[in-house]
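Chemist:
Number of protein chains: 4
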Amino acid sequence: MEGLKLITAIKSKTIINVGEAAIGGDEIAIMAGPCAVESREQLFTTAFALKELGVKILRGGAYKPRTSPYSFSGLGEAGLELLQEVSRATGMAIITEVMDPNEVGVVAEYADILQIGSRNMQNFPLLQAVGKLNKPVVLKRGLAATIAEWLFAAEYILAGGNGQVILCERGIRTFETYTRNTVDLSAVPIVKSLTNLPVIVDPSHATGLKELVAPVSKGAVAMGADGLLIEVHSQPEEALCDGEQSLTPAEFAKLKAELSPICLAVGRKL
Amino acid sequence: MEGLKLITAIKSKTIINVGEAAIGGDEIAIMAGPCAVESREQLFTTAFALKELGVKILRGGAYKPRTSPYSFSGLGEAGLELLQEVSRATGMAIITEVMDPNEVGVVAEYADILQIGSRNMQNFPLLQAVGKLNKPVVLKRGLAATIAEWLFAAEYILAGGNGQVILCERGIRTFETYTRNTVDLSAVPIVKSLTNLPVIVDPSHATGLKELVAPVSKGAVAMGADGLLIEVHSQPEEALCDGEQSLTPAEFAKLKAELSPICLAVGRKL
Amino acid sequence: MEGLKLITAIKSKTIINVGEAAIGGDEIAIMAGPCAVESREQLFTTAFALKELGVKILRGGAYKPRTSPYSFSGLGEAGLELLQEVSRATGMAIITEVMDPNEVGVVAEYADILQIGSRNMQNFPLLQAVGKLNKPVVLKRGLAATIAEWLFAAEYILAGGNGQVILCERGIRTFETYTRNTVDLSAVPIVKSLTNLPVIVDPSHATGLKELVAPVSKGAVAMGADGLLIEVHSQPEEALCDGEQSLTPAEFAKLKAELSPICLAVGRKL
Amino acid sequence: MEGLKLITAIKSKTIINVGEAAIGGDEIAIMAGPCAVESREQLFTTAFALKELGVKILRGGAYKPRTSPYSFSGLGEAGLELLQEVSRATGMAIITEVMDPNEVGVVAEYADILQIGSRNMQNFPLLQAVGKLNKPVVLKRGLAATIAEWLFAAEYILAGGNGQVILCERGIRTFETYTRNTVDLSAVPIVKSLTNLPVIVDPSHATGLKELVAPVSKGAVAMGADGLLIEVHSQPEEALCDGEQSLTPAEFAKLKAELSPICLAVGRKL
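Residue numbers (the numbering used here), protein chains in the order written: chain E, 5 to 274; chain H, 5 to 274; chain C, 5 to 274; chain V, 5 to 274.
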């Protein structure tokens, strides 16, 4: 990959510890939760259900990037406070998205892992801002980003001094319309061979269809992914966004049971 | 999938028996061999090595679709004769590509399974010709074909009376240039849910890179694929086409060993 | 373009004469007519209206490639006979599609120009069959074909001895869903710079929307296209296929009037 | 376009006045200049040459979004100062890119038009920041953005109270590799029909090849574009970025001469 310097390609394996989880080690890291933090009740119900099911990292958006300015765009700092509260109550670590360089500070106060969404993969001021943190960052691949561009984006964070980058494949844009995006699972072994960074997959956004979350999760783990980012909502039919791709806690439990033998088959734990 | 009649969607599972193999049953069907039949020695060396490794279906092209009219385009009927000869010597079943409605008859005489390549997925006279056979047909997805169009192409064969259709995902065209194509593994569970037909994956053509054949094979099986179509050549560095994506028999043996636990994990055999 | 031999790149300009038209000369060649030959009345009404408007080449499909085996697929040889009949009555030359190497002979008997559709751009036996003719061939670009692959496909025809190839850009597949396809008009000057062949554009199939036929036609001519392939139907709302992209003869007359100043601006005639 | 409110679709035509230019009126607006402000000499030489050729709006980047953190990323505020200085010397208006919500204020102090680049089309905090300005904004289409998403992004700016939005088509990502991107010229008439906003085209970034700048410019104007954004550099072979797509002032003069008759043909002036 011409022009890519070696910061992303250091050969010692990166393992990122956060709360009770370690990302990039033997255990497959599961980050699960609702697309958006909607209310105290929704968040706590979902979080406790996931805690029961062994999930160590809770996802939930307080700042939501939305195509339309008229869509629900998250609770903002009030959402961050709810996330912190549920984290204290459950002991789960929190991952949440940051969209604005000006909000990196406040998000970093509340969250354990910051997420850079696909639309912001080449938001260079934002990458530079999280590059100054000493906190893990999940960097999602852009919808039309080549693997080379994705790694260069990671390099912005690493060059800033923050080596705790987790790459996340979440589907690319193609002509296929059956799924929301086309998940490029071959990116997982490619990125694993080119870098020392953990790689996770987001089957919920990659497909947009809840019935594909389980098979894509299995494929991802079989191909070497270090973790999964999965949308789970206590009442998907009432979700303010992305309900059609959210699992219920019961469906998530079923997925975990199905995934377990694949993890064992590739020498990993769940 | 609007307008798709129900021939492809009959709910009883299709199992296709060919030689010692059954495609669509518990066992993952492996079709392996060189991209092209190049010579008696190359074919026999490769075939016997694969036979030793338990492969029941041998692939090899006698008629090769080539982008340039100046590239090697296969040995034609002489290649078919070699395939038949090696089939008799090894007991392996033969899969080979047919490109011309006029050659369907002769190919069907020599081969056990006919392959329709991605460039011909919507070659309707060819689909109609193989629809009149009583032989299995592997139908590869076109490089820019939606899943709906692929199933409609299958329906051309089924509507002709030939129910032995095996669908093969082999990568679609996207902006990504690291791999030759982008393998759409989510198509596997989608097609399994919409039809009763076996689905296989061709990791060699989908990626164009030999180091990705093993991880894509694992992902495919984990996601429900019924088989794999893999390029193996006794001397990839001397192959007349696609050498850079061909495994040696030794590499194929390694792949099989790695694949075996995944098969078990999803309740399949290898 | 590595590996591309020079048959397509001969520097003397190719002008193809057919009936009263010359394709590749100063005059912009217009090929217009219905998607499919549906009936004697439909064809004659449309053809006479177009003849009145100065059109010299009539398009109309007798063999229609259709995604679904259950869609109307053309009148076959009866359609060819109607085309020949209307040609005699109007003096217009005929362009029609051929899909099967076995039908090249019969289509060549009736038609003045044979069309290879986008799905068949890499149907090599078909390309070889028309390569043996001494008749003009319109070669449409495949939906996912690179420019290099398109020129190699032309080379199959040229290598067979038939130098009368007309290249036709008709849209490629992208993620955009507003239009049926994305017309790649930059392909026009690229192909003009790499080959000596005439290049035309099909705005009807490229966009799938009748309101875009006029602007795309203007852009094509401004960028150096030698002709246009346009769907016109006497009663689009009753067309058996592609009615939503067909112009009425009155709309076509309006397009011609708008196009005329653009032709003059680039030193061409209409 | 479901869910799109009507702010972008107000039917009275928007004409945006800036310096001596009016964008969206009869005259085709030309914005030309170097990719990046590199030095006082480079900027002044290019600007005066363009001024001589009748250009009223000068482009030049002070903040450059670059794939790699190790590439030249612009002179920053020093570049803005040079742009202001050359503006005072020549009377030309200035367009320059802004990437960071924190820099909107400073860029707006120096520039007449702010540009949002394709990577930032869905950088919502940035869109909201420029939405509060009373200055024109050029909004480039994202590399994988649908037309609907592009218009929703415009709506973010309009909803903030800034109605001076100019849409810019600059190529989308496809599988074609001959050009850097595939310019979607059909987007021009589509967007003109859906909104009241001026639309311009960037042929330099859309193709990445200087020899395609003239034909794409002609096509754009023929299809209704209100302006062009063109890279011109006094010495392209020494440019710090994008030299291979930059015209010299002499080549730009030739383009203008060729473009003039097309403008007249569509009732516009140059």
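Backbone N, C-alpha and C define an ideal beta-carbon position, used for all residues, glycine too.
Model, not experiment: these values are computed from the prediction.
Taking the continuous alpha helix (DSSP H) assigned at E:K55, which residues delimit it?
Modeler: What you label residue 55 of chain E is simply residue 51 of the first sequence in a count that begins at 1. Unbroken alpha helix (DSSP H) run through E:K55: R44 to E56.
Chemist: Between which two residues does the alpha helix (DSSP H) containing H:L263 stretch?
Modeler: Translated into positions along the second sequence, residue 263 of chain H becomes position 259. Segment P253 to A269, the alpha helix (DSSP H) holding H:L263.
Chemist: Quick one: which chain H residues come within Cβ less than 7 Å of E:G228?
Modeler: For the purposes of this step, residue 228 of chain E is taken as residue 224 along the first sequence, with counting starting at 1. Going along chain H in sequence order, the residues near E:G228 (Cβ under 7 Å) are P219.
Chemist: Report the residue from E:C39, E:I161 and E:H209 whose alpha carbon sits nearest the alpha carbon of E:I98.
Modeler: Numbered from 1 along the first sequence, position 94 holds the residue referred to as residue 98 of chain E. Looking at the Cα atoms, E:C39 is the closest of the given residues.
Chemist: For H:S190, decide whether its Cβ has a neighbour in chain E, counting only Cβ atoms nearer than 7 Å.
Modeler: As a first step, residue 190 of chain H must be located in the second sequence, where it is residue number 186. Chain E, which has a Cβ nearer than 7 Å to the Cβ of H:S190, makes this yes.
Chemist: DSSP three-state call for V:K273: helix, strand or coil?
Modeler: Translated into positions along the fourth sequence, residue 273 of chain V becomes position 269. Here V:K273 sits in strand by DSSP.
Chemist: Just to confirm before moving on: does the CB-CB distance between H:K196 and H:G228 stay below 7 Å?
Modeler: For this step, residue 196 of chain H is matched to residue 192 along the second sequence. For this step, residue 228 of chain H is matched to residue 224 along the second sequence. Result yes, Cβ atoms of H:K196 and H:G228 sit closer than 7 Å.
Chemist: Our contact map puts H:G146 next to H:L189 with C-beta atoms below 8 Å; I'd like the distance itself, whole angstroms only.
Modeler: Here residue 146 of chain H refers to the residue found at position 142 of the second sequence. Here residue 189 of chain H refers to the residue found at position 185 of the second sequence. Rounded, the Cβ-Cβ distance is 17 Å, inconsistent with contact.
Chemist: Of all the CB atoms in chain V, is at least one closer than 7 Å to the CB of H:R177?
Modeler: Counted from its first residue, the second sequence places residue 177 of chain H at position 173. Yes, contact with chain V.
Chemist: Below 8 Å, how does it come out for the region 234 to 247 of chain H and the region 43 to 60 of chain H: are there three or more Cβ pairs, yes or no?
Modeler: Flag = yes, the region 234 to 247 of chain H and the region 43 to 60 of chain H touch.
Chemist: Measuring straight from C-alpha to C-alpha, what distance separates E:T199 and E:L54?
Modeler: For the purposes of this step, residue 199 of chain E is taken as residue 195 along the first sequence, with counting starting at 1. For the purposes of this step, residue 54 of chain E is taken as residue 50 along the first sequence, with counting starting at 1. Looking at the two C-alpha atoms, the distance is approximately 31 Å.
Chemist: Please identify the residue among V:V90, V:R70, V:M125 and V:S208 whose C-alpha is closest to the C-alpha of V:T252.
Modeler: The residue labelled residue 252 of chain V in the question sits at position 248 within the fourth sequence. For the residues V:V90, V:R70, V:M125 and V:S208, the minimum Cα distance to V:T252 belongs to V:S208.
Chemist: Check the Cβ-Cβ distances between V:R123 and every residue of chain E, and say whether any is below 7 Å.
Modeler: Along the fourth sequence, one-based indexing puts residue 123 of chain V at 119. V:R123 counts as touching chain E.
Chemist: Name the residue from E:W154, E:R123 and E:N166 whose alpha carbon lies nearest to the alpha carbon of E:A133.
Modeler: Position 129 of the first sequence, counting from 1, holds the residue named residue 133 of chain E. If we check each option's Cα against that of E:A133, E:N166 comes out closest.
Chemist: Name the two residues that bound the continuous alpha helix (DSSP H) containing E:R92.
Modeler: As a first step, residue 92 of chain E must be located in the first sequence, where it is residue number 88. Start and end: E81 to T94.
Chemist: Identify, in the order they occur along the chain, each residue of the same chain with its Cβ nearer than 7 Å to the Cβ of E:G80, setting aside the five sequence neighbours on each side.
Modeler: Numbered from its first residue, the first sequence carries residue 80 of chain E at position 76. Contacts found: A66 and Y67.
Chemist: Out of H:M125, H:T100 and H:S122, point me to the one whose CA is closest to H:E113's CA.
Modeler: Sequence index remark: in the second sequence, residue 113 of chain H carries index 109 (1-based). Nearest C-alpha to H:E113: H:T100.
Chemist: To the nearest whole angstrom, what separates the beta carbons of H:M162 and H:K139, a pair I think is in contact under 8 Å?
Modeler: Position 158 of the second sequence, counting from 1, holds the residue named residue 162 of chain H. Position 135 of the second sequence, counting from 1, holds the residue named residue 139 of chain H. According to the sequence provided, residue 162 of chain H is Leu. The question's Met does not apply to it. In fact, because the Cβ distance is near 14 Å, the residues do not count as touching under 8 Å.
Chemist: Going by CA-CA distance only, name the one from E:M96, E:G37, E:S75 and E:L84 that's closest to E:V22.
Modeler: Here residue 22 of chain E refers to the residue found at position 18 of the first sequence. Of the listed residues, the one whose Cα sits closest to E:V22 is E:M96.
Chemist: Taking Cβ-Cβ distances shorter than 8 Å, what residues in chain V pair up with E:N106?
Modeler: Stepping through the first sequence from its first residue, residue 106 of chain E is reached at position 102. Result: P105, N106 and P129.
Chemist: Does the beta carbon of H:Q126 sit closer than 7 Å to a beta carbon anywhere in chain C?
Modeler: Taking the second sequence and counting its residues from 1, the one referred to as residue 126 of chain H is at position 122. Yes, H:Q126 counts as interfacial toward chain C.
Chemist: Give me the Cα-Cα distance between H:T211 and C:E89, rounded to the nearest whole angstrom.
Modeler: Your numbering for residue 211 of chain H matches position 207 in the second sequence. Your numbering for residue 89 of chain C matches position 85 in the third sequence. Distance between the alpha carbons of H:T211 and C:E89: 51 Å.
Chemist: Below 7 Å between beta carbons: does that hold for E:K214 and E:C172?
Modeler: On the first sequence, position 210 is the one that residue 214 of chain E refers to. On the first sequence, position 168 is the one that residue 172 of chain E refers to. Their beta carbons are not under 7 Å apart, which means E:K214 does not touch E:C172 by this criterion.
Chemist: Figure out for me which residue from H:V192, H:V111, H:M103 and H:E241 has the closest Cα to the Cα of H:G83.
Modeler: The count along the second sequence starts at 1 and reaches residue 83 of chain H at position 79. If we check each option's Cα against that of H:G83, H:V111 comes out closest.
Chemist: Starting from C:I61, trace the beta strand (DSSP E) both ways and give me its first and last residue.
Modeler: What you label residue 61 of chain C is simply residue 57 of the third sequence in a count that begins at 1. From DSSP, the beta strand (DSSP E) with C:I61 extends over I61 to R63.
Chemist: If I follow the unbroken beta strand (DSSP E) through V:G231, where does it start and stop?
Modeler: Translated into the one-based positions of the fourth sequence, residue 231 of chain V becomes position 227. V:G231 -> beta strand (DSSP E) spans G231 to E235.
Chemist: Report the neighbours of V:G165 on chain C: residues whose CB is nearer than 9 Å to its CB, in chain order.
Modeler: In the fourth sequence, counting from the first residue as 1, residue 165 of chain V sits at position 161. Residues of chain C passing the Cβ test: none, with the nearest at roughly 28 Å.
Chemist: Can you say whether E:S122 is buried or exposed, counting buried as having 16 or more other CB atoms within 10 angstroms of its CB?
Modeler: The sequence position of residue 122 of chain E within the first sequence is 118, counting from 1. Per the 10 Å Cβ criterion, buried.
Chemist: Between the C-alpha atoms of E:F156 and C:V108, what's the straight-line distance to the nearest angstrom?
Modeler: Here residue 156 of chain E corresponds to residue number 152 of the first sequence, with the count starting at 1. Here residue 108 of chain C corresponds to residue number 104 of the third sequence, with the count starting at 1. So the alpha carbons of these two residues sit roughly 52 Å apart.
Chemist: Report the start-end ranges of each alpha helix (DSSP H) in the region 124 to 162 of chain E that is 4 residues or longer and not cut off at the edges.
Modeler: Within the region 124 to 162 of chain E, the complete alpha helix (DSSP H) runs of at least 4 residues are 128 to 135.
Chemist: For chain C, find out if any of its Cβ atoms is closer than 7 Å to the Cβ of H:T199; answer yes or no.
Modeler: The residue given as residue 199 of chain H occupies position 195 in the second sequence. So no, H:T199 is outside the interface.
Chemist: Output yes if chain E places a C-beta closer than 7 Å to the C-beta of V:L118; else output no.
Modeler: The sequence position of residue 118 of chain V within the fourth sequence is 114, counting from 1. By this cut-off, V:L118 is not an interface position.
Chemist: Going by DSSP, which residues form a beta bridge with V:N21?
Modeler: Locating residue 21 of chain V in the fourth sequence gives position 17, where the first residue counts as 1. V:N21 is bridged to V:A26.
Chemist: Whose C-beta lies closer than 8 Å to the C-beta of H:A33 among residues of the same chain, with five residues either side of it excluded?
Modeler: Stepping through the second sequence from its first residue, residue 33 of chain H is reached at position 29. Excluding sequence neighbours, H:A33 sits near A25, A26, I27, K60, I61, P202, I204, D230, G231 and L232.
Chemist: So, using beta-carbon positions, are C:F256 and E:R177 closer together than 7 Å?
Modeler: Position 252 of the third sequence, counting from 1, holds the residue named residue 256 of chain C. Position 173 of the first sequence, counting from 1, holds the residue named residue 177 of chain E. Not in contact: C:F256 and E:R177 (Cβ atoms no closer than 7 Å).
Chemist: I'd like to know if V:L79 contacts chain E, where contact means its C-beta is closer than 7 Å to some C-beta of that chain.
Modeler: As a first step, residue 79 of chain V must be located in the fourth sequence, where it is residue number 75. No, V:L79 does not count as interfacial toward chain E.
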